[in-house]
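Order-wise, the sequence lines are chains W and A. The numbers in the first sequence follow the numbering used here, run straight up by one, and end at 408. The numbers in the second sequence follow the numbering used here, run straight up by one, and end at 197. Each residue gets a CB set at the ideal place from its N, CA and C atoms; glycine is no exception.
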Amino acid sequence: MTAIQTPPNRSKPPPNWDGSGTSRIPAWVYTDPDTYARELERIFYGPHWSYVGLEVEIPDAGSFKRTSIGERSVIMVRNRQGAISVLENRCAHRAMRFCQERSGKVKSFVCPYHQWNYNFDGQLLGVPFQRGVKGQGGMPEDFSLSDRSLTKLRTAIRGGVVFASFDPDVAPLEDYIGPQVLRYFDRTFDGRKLVLQGYSRQRIPGNWKLMMENIKDPYHPGLLHTWFVTFGLWRADNRSQLVMDAKGRHACMISTRNTVVDEEVAAVATSYRANMQLNDMRMLDIVHEPWWGDPTVCMTTIFPSVVLQQQVNSLSTRQIIPLGPGEFDFVWTHFGFEDDTPEMTDRRMRQANLFGPAGFVSADDGEVIEFSQQGFTQDKDFATLCELGGVGVGDADHMVTETLIRGMYRYWREVMDL
Amino acid sequence: MSADLALRLDLADLYAAYGACLDGGRLDDWPSFFTEDCRYRLVPRENHDRGLPLSTMDLRSRGALLDRVYGVKSTLFHAPYYQRHIIGPARVTGRDGDAIHSEANYLVIRTKRDAPSEVFNTGRYIDRVVRTAEGLRFTEKICVFDSELIPNSIIYPI
Ligand SMILES: [Fe+2]
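Structure below.
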């Protein structure tokens, strides 16, 4: 007979990251399953705010949207008083993910397995046969409906954007984002009513952090995204700014298109290849919106779960949902504003051709992330070189630096204790 | 032969030629299946069903289709892959003026260089077709796809 062994507390010691820097990132950071499990615990289920959606997606009492934080399925729902709850999609009885529709409108949440019934705040309203049938069976004396609520997450809303956290001790959202980045968050989400324009969904076979890195990497757009350069939308000398929160986890890449190029684009769009211009110029029919101020582009990363996009007239949130160390879902929600003219809506939709899973300057981001992941997988002893602009972490007023990536890993090492 | 039967044969030829063009990788010929003022959209079914305007691709003239071809061939980095279109029989759903409304199911199988073939994108074409001197041409083609969770990226037209 074999004795049953108690499993050790930790399966194995975490891999080692030599030194204290973050300019050479080891391959295991992207591939190791134990490290990924630790990320779920410490980051996605820890004291961080994750993106859930836009208020406008759930307009009425009982309107809901299902999504995920990390690998846990959650539902954002509006209650009868108009407030928004974020609840875990897991019945308190037998763990069923009772909600299978992506969105809709319900009177209450009922788990179909045994008809357990919850209100929009996650409270259990009743269970069938609680008192048994003809004096037989039923729940024990000490059963209490109030002990069996759905997990209710901490929720924060700002400018129509909904965030949630599994950790009740998470800092207030405004402190979490920090004043430096909040300024740019508020630039787009300033309280105007949003209009939902639709979704794109991709499953990308790469580590979730590679997408965060991609939007913290101003080195690549002018090199990978030839389309940008060909049609005059990107120049390495565009006026630009890189901004981080104090911890280096969130960031903004802000840039202003060179007005000289602007005029060239408007005229013939031939700034880089003399004979190249679009047959249909309407894709570059860019109209300045007053709320932009000076910058024409602002890409924001809110660690760990969302990218906020303002690329001229195209606006979206891009949610990152990890599915293991080597895969994540990338969900785009495009939006406009309530006071948009039909022409502006049309313009946002035409410019959306640049973005998303088929986008002229986005489809290739998914491709390179897939191939980077393949490279990390083939050799666990590899480490990246992320030293453009040095090895330090700090704001910059140019694009020729990888400082934002180093900033994110400085925070990652701290929170992961690795 | 009745006019209806002739139309059905012409539509069958149109869809067969369209699929063969894309499957053969003859991207440059793709815009010639469309009229000058055409519209081509590739749309996730959830957006279509909910009346949301966002498309995965939204090209609003033959010029914009030519721009897509240029983008794919000259600017958009991607891993190469084959496409294989299986297009179901076309169903005429109505007419307005000279235009014919037609729908057909499609299935696109993607084969990357070092991987087995996989179901890539499936849905239905919702088309508006007109007769021109060169034969039937699309004035509108909306590809509404069920496979909303796209396996990374879509590079070539569907
Ligand atoms: Fe990019």
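Beta-carbon separation of residue i and residue j under 8 Å?
i                 : j                 : result
PHE99 of chain W  : GLN120 of chain W : no
VAL152 of chain W : GLY43 of chain W  : yes
GLN301 of chain W : LEU93 of chain A  : no
LYS199 of chain W : LEU394 of chain W : no
THR198 of chain A : ALA138 of chain A : The structure shown has nothing for residue 198 of chain A, since chain A only spans 40 to 197.
CYS182 of chain A : LEU66 of chain A  : no
SER93 of chain W  : GLU47 of chain W  : yes
ASP165 of chain W : PRO37 of chain W  : no
ARG84 of chain A  : PHE184 of chain A : yes
TYR108 of chain W : ARG84 of chain W  : no
ARG107 of chain A : ASP62 of chain A  : no
GLY122 of chain W : LEU135 of chain W : no
ASP227 of chain W : ASN248 of chain W : yes
HIS210 of chain W : PHE293 of chain W : no
GLU61 of chain W  : LEU313 of chain W : yes
VAL64 of chain W  : SER58 of chain W  : yes
TYR246 of chain W : ASP284 of chain W : Per the sequence shown, residue 246 of chain W should be read as Thr rather than Tyr. Going by C-beta atoms, THR246 of chain W is nearer than 8 Å to ASP284 of chain W.
PHE372 of chain W : ALA17 of chain W  : yes
SER13 of chain W  : VAL381 of chain W : yes
ILE167 of chain W : PHE175 of chain W : yes
GLY149 of chain W : TYR401 of chain W : no
ALA103 of chain A : MET273 of chain W : yes
In chain order, what residues of the same chain lie with their CB nearer than 7 Å to the CB of residue i, ignoring the 5 residues before and after it?
i                 : result
ARG191 of chain W : ASP319, VAL321
ASN204 of chain W : ASP355, ILE359
SER139 of chain W : ALA82, GLY112, GLN113, LEU114
GLY349 of chain W : ASN343
Residues in the same chain with beta-carbon distance under 6 Å from residue i, minus the five sequence neighbours each way, listed in chain order, please.
i                 : result
ARG403 of chain W : none
ARG70 of chain W  : ALA51
VAL410 of chain W : Summary: the structure shown does not reach residue 410 of chain W, with chain W confined to residues -9 through 408, and so no result is reported for it.
GLU317 of chain W : PRO195
ARG130 of chain A : GLU142
VAL351 of chain W : HIS215, TRP217, PHE218, LEU344
THR161 of chain A : LEU146, ASP185, SER186
ASP387 of chain W : GLN231
MET201 of chain W : ILE310
ASN144 of chain A : GLY127, ARG163
So what does DSSP say about residue i, is it helix, strand or coil?
i                  : result
ILE395 of chain W  : helix
LYS112 of chain A  : helix
GLU203 of chain W  : helix
ILE15 of chain W   : coil
ALA55 of chain A   : helix
TYR262 of chain W  : Only weak support is given to the placement of TYR262 of chain W: the predicted model assigns it a pLDDT of 48, under 50, and the question is left unresolved by the model.
GLN187 of chain W  : strand
GLN170 of chain W  : helix
GLU142 of chain A  : strand
ARG176 of chain A  : strand
TYR401 of chain W  : helix
ALA45 of chain A   : helix
GLN363 of chain W  : helix
GLU254 of chain W  : Note on GLU254 of chain W: pLDDT 49, under 50, position unreliable in the model; no value is reported.
ASP385 of chain W  : coil
MET(-9) of chain W : Residue confidence is low: MET(-9) of chain W scores 45 on pLDDT, short of 50, so the model does not pin down where it sits. Its coordinate-derived value is still stated next. DSSP places MET(-9) of chain W in coil when its eight states are reduced to three.
ASP166 of chain A  : strand
TYR26 of chain W   : helix
ALA73 of chain W   : coil
GLN299 of chain W  : strand
GLU328 of chain W  : coil
Under 7 Å: does the beta carbon of residue i sit that close to some heavy atom of ligand 1?
i                 : result
LEU305 of chain W : no
HIS117 of chain A : no
PRO162 of chain W : no
ASN109 of chain W : no
ASN248 of chain W : no
LEU298 of chain W : no
LEU214 of chain W : yes
VAL19 of chain W  : no
ASN191 of chain A : no
PRO130 of chain W : no
ASN343 of chain W : no
ASN204 of chain W : yes
PRO211 of chain W : yes
VAL351 of chain W : yes
ASP185 of chain A : no
LEU137 of chain W : Inspection of the sequence shows that residue 137 of chain W is occupied by Asp rather than by Leu. No, ligand 1 has no heavy atom inside 7 Å of this Cβ.
ASP355 of chain W : yes
Just to confirm my understanding: we take residue i, look at its own chain, exclude 5 residues before and 5 after, and list those with CB closer than 8 Å. What are they?
i                 : result
ASN303 of chain W : ILE276, VAL277, GLU279, MET334, ARG337, ARG338, GLN341
SER53 of chain W  : GLU47, VAL67, ARG68, SER93, GLY94, LYS95
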